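Input: a single structure, listed below in structure tokens.
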Amino acid sequence: MLLRLIPSKTDIKFIRLRTPFMIMSVLMMVASIGLFGVKGLNLGIDFQGGTMIEIGTDGTTNSEEIRGIVNSLGFGNADVQELRGQDVLADSDNYLIVINEQSGGGDEREAEQAQQNVVETARAALNQRFAGITYSESDTDNGFALQLTRPAGFEIAKAQEYLDEYEITVARLSQVDDQTIRVNLASPYRFNENRGAEVYSAEEFSAEMQESLNAVYTTLTYRRQEVVGPKVSGELVQAGALAVTLAVMAVFVYIMFRFEWQFSMGAVFALVHDVVLTIGVFSLLNIEFNLSIIAAILTIVGYSLNDTVVVYDRVRENLRKYKRMPLAELLDQSINDTLSRTVMTSVTTLLALGALYIFGGEVIRGFTFAMIWGVIVGTYSSIFIASPVLLIFGVRRDWSKGGDTAPATTGA
Amino acid sequence: MLYFQTWKTILVISVCLFGIVFAAPNVLPDNVREQVPAFFNKSLNLGLDLSGGVHLLWEVETDELIDSRLETVEDDVRTVLLANDVGYTGLRVADHQLSLRIRDLDELSQAQELIEELITPVGASALGGGSADDIAVSVTEAGLITVVLTEEALEFLVSQAVTQSIEIVRRRIDEMGTREPSIQRQGRDRIIMQVPGESDPQRIKDLVGTTARMEFRMHDSSVTIGEALAGRVPPGSEVLYEQSGQPILLRERALIDGDRLVNAQPSFSSRTGEPVVTIRFDTRGAQTFARITRENVGERFAIILDDIVLTAPRINEAIPGGSAEISGSFTAETSNDLSILLRAGALPAPLTVVEERVVGPGLGQDSIDAGKKAAIIAFALVIVFMIASYGLFGVYANIALIINVVLIGGALSFLQATLTLPGIAGIILTMGMAVDANVLIFERIREEVASGKTPINATETGYSRALGTILDANITTMIAAVILFMMGAGPVRGFAITLGIGIITSVFTAVTVTRLMVATYLRSARPSKLPI
Numbered sequence: 002m003l004l005r006l007i008p009s010k011t012d013i014k015f016i017r018l019r020t021p022f023m024i025m026s027v028l029m030m031v032a033s034i035g036l037f038g039v040k041g042l043n044l045g046i047d048f049q050g051g052t053m054i055e056i057g058t059d060g061t062t063n064s065e066e067i068r069g070i071v072n073s074l075g076f077g078n079a080d081v082q083e084l085r086g087q088d089v090l091a092d093s094d095n096y097l098i099v100i101n102e103q104s105g106g107g108d109e110r111e112a113e114q115a116q117q118n119v120v121e122t123a124r125a126a127l128n129q130r131f132a133g134i135t136y137s138e139s140d141t142d143n144g145f146a147l148q149l150t151r152p153a154g155f156e157i158a159k160a161q162e163y164l165d166e167y168e169i170t171v172a173r174l175s176q177v178d179d180q181t182i183r184v185n186l187a188s189p190y191r192f193n194e195n196r197g198a199e200v201y202s203a204e205e206f207s208a209e210m211q212e213s214l215n216a217v218y219t220t221l222t223y224r225r226q227e228v229v230g231p232k233v234s235g236e237l238v239q240a241g242a243l244a245v246t247l248a249v250m251a252v253f254v255y256i257m258f259r260f261e262w263q264f265s266m267g268a269v270f271a272l273v274h275d276v277v278l279t280i281g282v283f284s285l286l287n288i289e290f291n292l293s294i295i296a297a298i299l300t301i302v303g304y305s306l307n308d309t310v311v312v313y314d315r316v317r318e319n320l321r322k323y324k325r326m327p328l329a330e331l332l333d334q335s336i337n338d339t340l341s342r343t344v345m346t347s348v349t350t351l352l353a354l355g356a357l358y359i360f361g362g363e364v365i366r367g368f369t370f371a372m373i374w375g376v377i378v379g380t381y382s383s384i385f386i387a388s389p390v391l392l393i394f395g396v397r398r399d400w401s402k403g404g405d406t407a408p409a410t411t412g413a
Numbered sequence: 005m006l007y008f009q010t011w012k013t014i015l016v017i018s019v020c021l022f023g024i025v026f027a028a029p030n031v032l033p034d035n036v037r038e039q040v041p042a043f044f045n046k047s048l049n050l051g052l053d054l055s056g057g058v059h060l061l062w063e064v065e066t067d068e069l070i071d072s073r074l075e076t077v078e079d080d081v082r083t084v085l086l087a088n089d090v091g092y093t094g095l096r097v098a099d100h101q102l103s104l105r106i107r108d109l110d111e112l113s114q115a116q117e118l119i120e121e122l123i124t125p126v127g128a129s130a131l132g133g134g135s136a137d138d139i140a141v142s143v144t145e146a147g148l149i150t151v152v153l154t155e156e157a158l159e160f161l162v163s164q165a166v167t168q169s170i171e172i173v174r175r176r177i178d179e180m181g182t183r184e185p186s187i188q189r190q191g192r193d194r195i196i197m198q199v200p201g202e203s204d205p206q207r208i209k210d211l212v213g214t215t216a217r218m219e220f221r222m223h224d225s226s227v228t229i230g231e232a233l234a235g236r237v238p239p240g241s242e243v244l245y246e247q248s249g250q251p252i253l254l255r256e257r258a259l260i261d262g263d264r265l266v267n268a269q270p271s272f273s274s275r276t277g278e279p280v281v282t283i284r285f286d287t288r289g290a291q292t293f294a295r296i297t298r299e300n301v302g303e304r305f306a307i308i309l310d311d312i313v314l315t316a317p318r319i320n321e322a323i324p325g326g327s328a329e330i331s332g333s334f335t336a337e338t339s340n341d342l343s344i345l346l347r348a349g350a351l352p353a354p355l356t357v358v359e360e361r362v363v364g365p366g367l368g369q370d371s372i373d374a375g376k377k378a379a380i381i382a383f384a385l386v387i388v389f390m391i392a393s394y395g396l397f398g399v400y401a402n403i404a405l406i407i408n409v410v411l412i413g414g415a416l417s418f419l420q421a422t423l424t425l426p427g428i429a430g431i432i433l434t435m436g437m438a439v440d441a442n443v444l445i446f447e448r449i450r451e452e453v454a455s456g457k458t459p460i461n462a463t464e465t466g467y468s469r470a471l472g473t474i475l476d477a478n479i480t481t482m483i484a485a486v487i488l489f490m491m492g493a494g495p496v497r498g499f500a501i502t503l504g505i506g507i508i509t510s511v512f513t514a515v516t517v518t519r520l521m522v523a524t525y526l527r528s529a530r531p532s533k534l535p536i
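One line per chain: the protein sequences are D and P, in this order. The first sequence maps to residues 2 to 413 in the working numbering. The second sequence maps to residues 5 to 536 in the working numbering.
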């Protein structure tokens, strides 16, 4: 038997529920605007200018220490946060073995030789028991680090046991958490003695930061670095706001052309609702708001409209079919007619987005989150905002003659 | 709706085949790809966020451009007024305007006429003049004359500077030997530069951010350097500094500048063995250089790069051959970089970095891996869900979905569009939404079946009724994609492209490819009840 999320015939009185939902939506919008006004958005450097540096660590560092080092450079206070690893579900496949430094009787050459020998022995010991280990090696302050990717059947306890058999003293044997630390500095200004003023010096900041962090930690990798000048960020804010406004206006015109102005009003109300709530949730959860979130919002605009237009198409069809049915009843019927499709599409889209959220990596997690949220509020708004708005403004009832711009093929 | 003419069937199938052909190079092993003709052999262009690399946005400093243009006008004004014996004071360039005061008010109108004769049309060339004046002259009754550049002249100046800069910057970057840098103009006064595979932006910034204006100037020994530093700088001279911080008093006028160079090569000094840069002048430059060195034996001259004195040797004898050696505490690398800069020529105006994004190679690969994994899982989830919900029709929808993804890959490869991480997100989102068109159709068919229609009739009506909705719904999303493309930059643009292509291919696959499959099924199986 085929899966049916929604029974083929539903008769839910959506319109009767409109008042409480409308009130709820208005309250949520007010709360969003309030949050935005009071708390603001966690603007990424795209929109406020500044420097963002992402550092990959092996899990031995901590963000408190890094914050201390970065803030001691005198460029202003950086926002240092730990990001979740690439993959929130799977275990990390990497292990780190740090072998104690060999003294070699004080002679540097001999010490190096002894170190090589012990590392070779350790490798041999592990290779004998586990097939298919790949290694990468590096010197660290407190010894020699051997990083390996997990072979089949690898367990920390067993590895420890084998290394013990060869009397290899291990300083650390642990699973490596892929950890990313993000350092955000809104505007790296520093007092410049030559010029006698605060000078914007993003370059100096990133150079000095890398230098001082490398002095403390040996296994850092610089994964990403972005510097956006104050001028560009201002333009990006403008371009972003303009893009969203243009999209909403274009949609208003398109729907007016295909339907009627009341439908345009309904669709635009729903869109504004979705955009405002998205901004609200970003403010509430303090998720970084950057350029790609604007892209997400525009996609939400597209998706939410998609949903609204499907319902409206059915409303128009039913307006032709049931010439005397009260509008409230007709709207209910239209929403129920399309409910099965609305839910199916939302679920498939959410399945795809869910996979992206969990497995797509931290770079686009904020972006995916905005989309997931947008699909949910977009679906909600096309039922509880876009349709009731038609009831408020009223629609022309006689679609059989004149003024109908829709071609004959439309319907569904 | 269910009857397909043969040519339509062939058309639909060939579009799918083309998609496969164009998408194929992305998955073929290298040795097979070598034998594929170039037209079909295009693979996806990875964006910087996936390949790793450096993205820099440069801005041409227009302030300097305006001032240096006005300084040329200043020279002309001085020449023309002197030639006609018109007395003036306070000729200077400040705040983007040239101003001077005419001593004798009776000569004011003559001076105005003389200066106005300097006006030339913007962008005038041998092929024909421009339409607007390049400078605007205004006069007050008190005898003050001000000259400013017109909007049109400024536009032309900036546009020309950007074009020249791109040319020069490209030469410099190419000599670095990095692979496939992309250098393009953005907006009015910006240059966008993407260098894939590079993870150290500093060298690029050093190489591109240097104006590299080289000048040869004479040393001014009329006062001591101590007196000059105390403020008694003779007119027409200025104090500049060597790299070591040593001040030196030099004449402001350049005797020769970098334009006269035909070649610059890194080499080693035959005397000291340290790295030097050997330069060679063109014929005119060589003549000038020979004359200067002949006339000034025993004097010092200075080679200056962007107002820093590289070296200030004493002229021991006339140098007639037109080549010279620049020494100045170079390393092998810095002498090589300076040679590149000198060969490529000077930038018309300084460039500054206004935006910088660097993606390390590790992160790029991680993002590709994560994107692949997410795409495969999303794909699997959608496929299972569709089969569970619509059975056989779900299988058709899934085949259409696979063709859809292949078509997106083919289209992106063929158009050589750039695939970015948000672009991968766009493809994954399209998977979810591509199914929407089929969901609309299938739900409609279910309704029609419920209202008692025969399978063929229900399918027929289902498709025709759903079509309008599908078009309306997708056109609205397309509007968002187009606006994103127009307004966005970089990765966002990549997202817009994949979203837009995805909308077109998903409508195509949903309304034609599945319809073709469903029609074939209905004709051959003639079911009495639809499996939906």
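Glycine included, every Cβ here is placed at the ideal spot set by N, Cα and C. What you are looking at is a predicted structure, and each value in this text was computed from that prediction instead of being measured.
Cβ-Cβ separation, residue j to residue i (assumed contact under 8 Å), whole Å
| i | j | result |
| --- | --- | --- |
| Val19 (chain P) | Pro29 (chain P) | So it is not a contact: roughly 18 Å between Cβ atoms. |
| Ser388 (chain D) | Gly267 (chain D) | 7 Å |
| Val316 (chain D) | Leu306 (chain D) | 15 Å between Cβ atoms; not a contact. |
| Gln250 (chain P) | Gly332 (chain P) | Actually they are not in contact, since the Cβ atoms of Gln250 (chain P) and Gly332 (chain P) sit about 12 Å apart, beyond 8 Å. |
| Tyr255 (chain D) | Ile507 (chain P) | Actually they are not in contact, since the Cβ atoms of Tyr255 (chain D) and Ile507 (chain P) sit about 14 Å apart, beyond 8 Å. |
| Val358 (chain P) | Lys232 (chain D) | 6 Å |
| Pro200 (chain P) | Glu184 (chain P) | 6 Å |
| Ser281 (chain P) | Ile330 (chain P) | Here the sequence assigns Val to residue 281 (chain P), which means Ser is not the residue at that position. Confirmed, Cβ separation roughly 5 Å. |
Close Cβ partners of residue i (< 7 Å) along its chain, the five nearest in sequence each way excluded
| i | result |
| --- | --- |
| Glu83 (chain D) | Ser64, Gln180, Ile182 |
| Arg82 (chain P) | Leu95 |
| Thr518 (chain P) | Tyr400, Ala401, Ala404, Asn442 |
| Asp405 (chain D) | Note on Asp405 (chain D): pLDDT 43, under 50, position unreliable in the model; no value is reported. |
| Leu351 (chain P) | Ser169, Ile172, Thr215, Ala216 |
| Leu526 (chain P) | Leu6, Pro459, Ile460, Thr463 |
| Asn337 (chain D) | Thr11, Asp12, Ile13 |
| Arg469 (chain P) | Arg448 |
| Leu259 (chain P) | Phe220, Arg221, Met222, Thr292, Ile296 |
| Ala378 (chain P) | Ile432 |
Close beta carbons around residue i, own chain, < 6 Å, minus the five adjacent residues each side
| i | result |
| --- | --- |
| Leu503 (chain P) | Gly430, Ala485 |
| Arg174 (chain P) | Ile187 |
One or two residues paired with residue i in a DSSP bridge
| i | result |
| --- | --- |
| Met490 (chain P) | Its beta-bridge partners do not exist; DSSP assigns none. |
| Ile53 (chain P) | Sequence inspection shows Asp at residue 53 (chain P); the Ile mentioned does not correspond to that position. Partner(s): none; Asp53 (chain P) has no beta bridge. |
| Gln190 (chain P) | P:Arg194 |
| Val414 (chain D) | Nothing in the structure corresponds to residue 414 (chain D), since chain D is present only between 2 and 413. |
| Val396 (chain D) | Beta-bridge pairing links Val396 (chain D) to no other residue. |
C-beta atoms of residue i and residue j nearer than 9 Å
| i | j | result |
| --- | --- | --- |
| Ile377 (chain D) | Ser293 (chain D) | no |
| Ala115 (chain P) | Ile139 (chain P) | no |
| Thr155 (chain D) | Ile384 (chain D) | According to the sequence shown, residue 155 (chain D) is Phe rather than Thr. Not a contact, by the Cβ cut-off of 9 Å. |
| Gly375 (chain D) | Ala296 (chain D) | no |
| Leu42 (chain D) | Phe258 (chain D) | no |
| Leu253 (chain P) | Ile229 (chain P) | yes |
| Ser393 (chain P) | Met345 (chain D) | yes |
| Phe394 (chain D) | Gln263 (chain D) | yes |
| Arg361 (chain P) | Val97 (chain P) | no |
| Leu433 (chain P) | Thr509 (chain P) | no |
Cut-off 8 Å between Cβ atoms - residues of its own chain near residue i, not counting five sequence neighbours on either side
| i | result |
| --- | --- |
| Glu68 (chain P) | Ala353, Pro354 |
Cβ contact (3+ pairs, closer than 8 Å) linking the segment 90-105 of chain P and the segment 140-160 of chain P: Yes: the two stretches touch, three or more of their Cβ pairs being nearer than 8 Å.
Evaluate contact between the segment 314-324 of chain P and the segment 272-279 of chain P, counting only Cβ atoms and requiring at least three cross-stretch pairs below 8 Å. Not touching, per the Cβ criterion.
Decide yes or no for the touch test of the segment 217-235 of chain D against the segment 362-379 of chain P: beta carbon pairs closer than 8 Å, at least 3 of them. yes
Are the segment 232-244 of chain P and the segment 253-266 of chain P touching, with three or more C-beta to C-beta distances below 8 Å? yes
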